[in-house]
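For the sequence shown, the working numbering begins at 1040 and goes up steadily by one.
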Amino acid sequence: MTRAPSGSVAELIARYGVRVLDATTPAEVAREVERTASDPEGVGVLTRTGRTVLVRLEGIPLRAAPLLKQEMLALGVDSVRAKGAADRSVEQSAVVLSGTPSQYAHLLPQLRRPPVDLTAIADALEAALENYARPAPWPLRGLHRSVTLGNSTVVMGILNLTPDSFSDGGSFDRPEAALQRALEIEAEGAGLLDVGAESTRPGAATVSAEREIERLRSVLPALHDRLKIPISIDTQKPAVARAALDLGADLVNDVSGLRDPEMRRVIARAGAPAVIVHMRGTPETMQKNLDYEDLRTEVYGALARSVATAVGDGIAPERLLVDPGLGFGKSAEQNLDLLHHLSEFRSLGCPVLVGPSRKSFLGRALGGVPPAQRVEASVAAAVIAVLGGASVVRAHDVTPTVRAVALADAVRTGRFRERQVDGGAEASGSSSSMTRDPT
Ligand code: HH2
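#1: For the region 1256 to 1271 against the region 1181 to 1188, do three or more pairs of beta-carbon atoms, one drawn from each stretch, fall closer than 8 Å, so that the two count as touching?
#2: Please classify P1356: is it buried, with 16 or more other beta-carbons within 10 angstroms of its beta-carbon, or exposed?
#3: Assuming S1132 and R1120 make a contact with CB atoms under 8 Å, what is their CB distance in whole Å?
#4: Just confirm the distance between the C-beta atoms of S1417 and P1395, as a whole number of angstroms; I'd bet it's less than 8 Å.
#5: According to DSSP, is L995 helix, strand or coil?
#6: According to DSSP, which residues form a beta bridge with D1293?
#7: So what does DSSP say about V1338, is it helix, strand or coil?
#8: Within the chosen definition, does the region 1250 to 1265 reach the region 1226 to 1236 through at least 3 CB pairs nearer than 8 Å?
#9: Quick one: what's got a C-beta closer than 7 Å to L1112's C-beta in the same chain, skipping five residues either side?
#10: If you measure between the beta carbons of T1192 and V1425, is that distance less than 9 Å?
#11: Does the beta-carbon distance from P1483 to V1072 come in below 9 Å?
#12: Do E1075 and the ligand HH2 come close, with the Cβ less than 8 Å from some heavy atom?
#13: Excluding the five sequence neighbours on either side, which residues of its own chain have a C-beta within less than 6 Å of the C-beta of E1301, listed in chain order?
#14: Provide the residue span of the beta strand (DSSP E) that contains D1233, from first to last.
#15: As a quick exercise: from N1328, R1385, V1338 and G1453, pick the residue whose alpha carbon is nearest that of L1365.
#16: For the ligand HH2, any of its heavy atoms closer than 8 Å to the Cβ of K1267?
#17: With the cut-off set at 9 Å, would you say L1095 and V1135 are in Cβ contact?
#18: I'd like to check one pair, L1334 with Q1373: are the Cβ atoms closer than 9 Å?
#19: Mapping the DSSP letters down to three states, classify E1130 as helix, strand or coil.
#20: Tell me the rounded alpha-carbon separation between Y1055 and G1189.
#21: May I ask you to report which of helix, strand or coil DSSP gives L1286?
#22: At which residue ranges does the region 1192 to 1243 contain complete beta strand (DSSP E) runs of 3 or more residues, listed in the order of the chain?
#23: Hey, P1363 and H1317 are a contact pair by Cβ (cut 8 Å); roughly how many whole angstroms apart?
#24: Residues in its own chain within less than 7 Å of A1221 by CB, not counting five upstream and five downstream?
#25: Rounded C-beta distance between E1227 and V1437? I'm assuming under 8 Å.
#26: Check whether the Cβ of A1243 lies closer than 8 Å to any heavy atom of the ligand HH2, and answer yes or no.
#27: Per DSSP, which residues does D1273 bridge with? Please list them.
#28: Using DSSP with H/G/I as helix, E/B as strand and the rest coil, what is T1321?
#29: Since I believe M1325 is in contact with G1368 (beta carbons under 8 Å), could you give me their beta-carbon distance rounded to a whole number of angstroms?
Structure below.
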């Protein structure tokens, strides 16, 4: 460490009040400039030199990589590309760009002008940057009920009608118990209910579509009659999704990422929203090969392709949510990596949903405790997800999750939201953004 020429380091820091500022957005930079009573010109100067944003692009043709670098360098920004790009031992290259938002704003028109003509790359770059920054509210219109995402984080309460789910199997497989729990989940402040009739835990036995539909038929009509919050159906089977949507479900949560074309057809035809989850393989095989060359690049790329395929097959992009699939073909460390860098998935332009609740990687953080003792870690993971920009957090323990994300939202936005006080008990404000269509 460099030693101060005179006085102790503490004294020098105290004398000059040296502080690295936690100002990342252009608005925060502007506020810091205002506080120095500087000339308004200063705002422009600082946002130009402000926080750099790293952006990774895949599959850039060799012709384009040096052009990108040249345009970036002209703006005082830099980029790196694959080693093989220089000696042409590869056909395409990944490129990482580094620039401030305003440098990117200057770069885009440069990339579009002839003879550079990298318009498609410029369009993709612009969309990803906008998606990453966009804080806009997002109405999730279910077939019967809707909820607004984006203002405050929505907790998706879990209702497993299964005898064998990893943490609550057998608790709600009787219809009366299931209805009771669903009503509690709503009263506890969840904004969505996720109903599953087949376990997806590693190695779980598969259930026939008929059996899954039978479990749902005994519960969904009552849920449809009684609930105000949208009902999501957690299934990988198109026949089950179709039946559930007919029985009153609002949206489909498919842990296999809509990979079955028939699933995409069912959802497009119904006009339902859907959650695309990343999973490599199937629940039986997913934990057998956990080798990724570059985990986040692969998960992001697979989700991006799944979204593009779904949109190509007629599912409106504003009806899609994405989920990196914690625990679905990932090691404990890989789950940590995805949770830590969740914000990257915002660039896809779909609200991000994440489901850490009671999963085994949380048990690992506590020395291997069983699912019932993972509540605090689940809540902590939910808070981390909110700060990373998740719009929806899937949870078994609804009350503590709702309470914790209320604080995380307040910190994230700098505002407290109105909370309803109902008979002395606090109810989540998320219910205020819920609507039920008269059906
Ligand atoms: N995790 C599980 C099930 N469905 N859906 C989404 N979108 N994201 C998830 O992380 C996710 C999910 C597994 O949890 P659980 O439902 O409690 O267990 P089981 O599959 O054993 O029923």
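The C-beta atom is built at its ideal place from N, Cα and C for all residues, glycine as well.
Taking the coordinates as given:
#1: In this structure the region 1256 to 1271 lies against the region 1181 to 1188, because at least three pairs of beta carbons, one per stretch, are closer than 8 Å.
#2: Counting from 1 along the sequence shown, the entry for residue 1356 is found at position 317. By the 16-neighbour rule on beta-carbons within 10 angstroms, P1356 is exposed.
#3: On the sequence shown, residue 1132 is found 93 positions in, with the first residue counted as 1. On the sequence shown, residue 1120 is found 81 positions in, with the first residue counted as 1. Sure, about 4 Å apart at Cβ, within 8 Å.
#4: The sequence position of residue 1417 within the sequence shown is 378, counting from 1. The sequence position of residue 1395 within the sequence shown is 356, counting from 1. That belief holds up - the Cβ atoms of S1417 and P1395 are roughly 6 Å apart, short of 8 Å.
#5: This structure does not reach residue 995, given that the chain is present from 1040 up to 1478, and the question cannot be answered.
#6: Within the sequence shown, numbered from 1, the residue matching residue 1293 stands at position 254. Looking at the DSSP assignment, D1293 forms a beta bridge with I1315.
#7: Against the sequence shown, residue 1338 aligns to sequence position 299. If DSSP states are grouped into helix, strand and coil, V1338 belongs with the helices.
#8: A contact between stretches requires three or more CB pairs, one per stretch, nearer than 8 Å, and the region 1250 to 1265 meets this requirement with the region 1226 to 1236.
#9: To locate residue 1112, count along the sequence shown from 1; it is residue 73. Non-local C-beta neighbours of L1112 in its own chain, meaning closer than 7 Å and more than five positions away in sequence, are absent.
#10: To locate residue 1192, count along the sequence shown from 1; it is residue 153. To locate residue 1425, count along the sequence shown from 1; it is residue 386. Taking 9 Å as the Cβ cut-off, T1192 and V1425 qualify as a contacting pair.
#11: Residue 1483 cannot be examined here, being either before or after the span of the chain that is shown, 1040 to 1478.
#12: Taking the sequence shown and counting its residues from 1, the one referred to as residue 1075 is at position 36. The amino acid at residue 1075 is misidentified as Glu; the sequence shows Thr. No, Cβ of T1075 sits at least 8 Å from all heavy atoms of the ligand HH2.
#13: Here residue 1301 refers to the residue found at position 262 of the sequence shown. Counting only Cβ-Cβ distances below 6 Å, and skipping sequence neighbours, we find P1277.
#14: If you number the sequence shown from 1, residue 1233 lands on position 194. Bounds of the beta strand (DSSP E) holding D1233 are L1231 to G1235.
#15: For the purposes of this step, residue 1365 is taken as residue 326 along the sequence shown, with counting starting at 1. The shortest C-alpha separation from L1365 is found at V1338.
#16: Numbered from 1 along the sequence shown, position 228 holds the residue referred to as residue 1267. No, since every heavy atom of the ligand HH2 falls outside the 8 Å radius drawn around the Cβ of K1267.
#17: Residue mapping note: residue 1095 aligns to position 56 of the sequence shown, counting from 1. Residue mapping note: residue 1135 aligns to position 96 of the sequence shown, counting from 1. According to the sequence shown, residue 1095 is Arg rather than Leu. A contact, by the Cβ cut-off of 9 Å.
#18: Numbered from 1 along the sequence shown, position 334 holds the residue referred to as residue 1373. Numbered from 1 along the sequence shown, position 295 holds the residue referred to as residue 1334. Yes, Cβ-Cβ distance for Q1373 and L1334 is below 9 Å.
#19: Counting from 1 along the sequence shown, the entry for residue 1130 is found at position 91. Note: E1130 maps to coil in three-state DSSP.
#20: Mapped onto the sequence shown, residue 1055 falls at position 16. Mapped onto the sequence shown, residue 1189 falls at position 150. Separation of Y1055 and G1189 (C-alpha to C-alpha, rounded to the nearest whole angstrom) is 40 Å.
#21: Here residue 1286 is taken as the residue at index 247 of the sequence shown, counted from 1. Reduced to three states, the DSSP call for L1286 is coil.
#22: If we require 3 residues or more, the beta strand (DSSP E) runs fully inside the region 1192 to 1243 come out as 1193 to 1199 and 1231 to 1235.
#23: Reading the sequence shown from its first residue, position 324 is the one you call residue 1363. Reading the sequence shown from its first residue, position 278 is the one you call residue 1317. At roughly 5 Å, the Cβ-Cβ gap stays under 8 Å, so P1363 and H1317 are in contact.
#24: The residue given as residue 1221 occupies position 182 in the sequence shown. These residues qualify, in order along the chain: L1198, L1232, L1262 and L1266.
#25: Numbered from its first residue, the sequence shown carries residue 1227 at position 188. Numbered from its first residue, the sequence shown carries residue 1437 at position 398. With a beta-carbon spacing of about 4 Å, E1227 and V1437 fall inside the 8 Å limit used to define contacts.
#26: Indexing the sequence shown from 1 puts residue 1243 at position 204. At least one heavy atom of the ligand HH2 is found less than 8 Å from the C-beta of A1243.
#27: If you number the sequence shown from 1, residue 1273 lands on position 234. Residue pairing from DSSP places D1273 in a beta bridge opposite G1235 and N1292.
#28: In the sequence shown, residue 1321 corresponds to position 282, counting from 1. Assigned with DSSP and collapsed to three states, T1321 falls in coil, not helix or strand.
#29: Residue 1368 sits at position 329 when you count from the first residue of the sequence shown. Residue 1325 sits at position 286 when you count from the first residue of the sequence shown. In this structure, G1368 and M1325 form a Cβ contact; the two beta carbons are roughly 4 Å apart against a cut-off of 8 Å.
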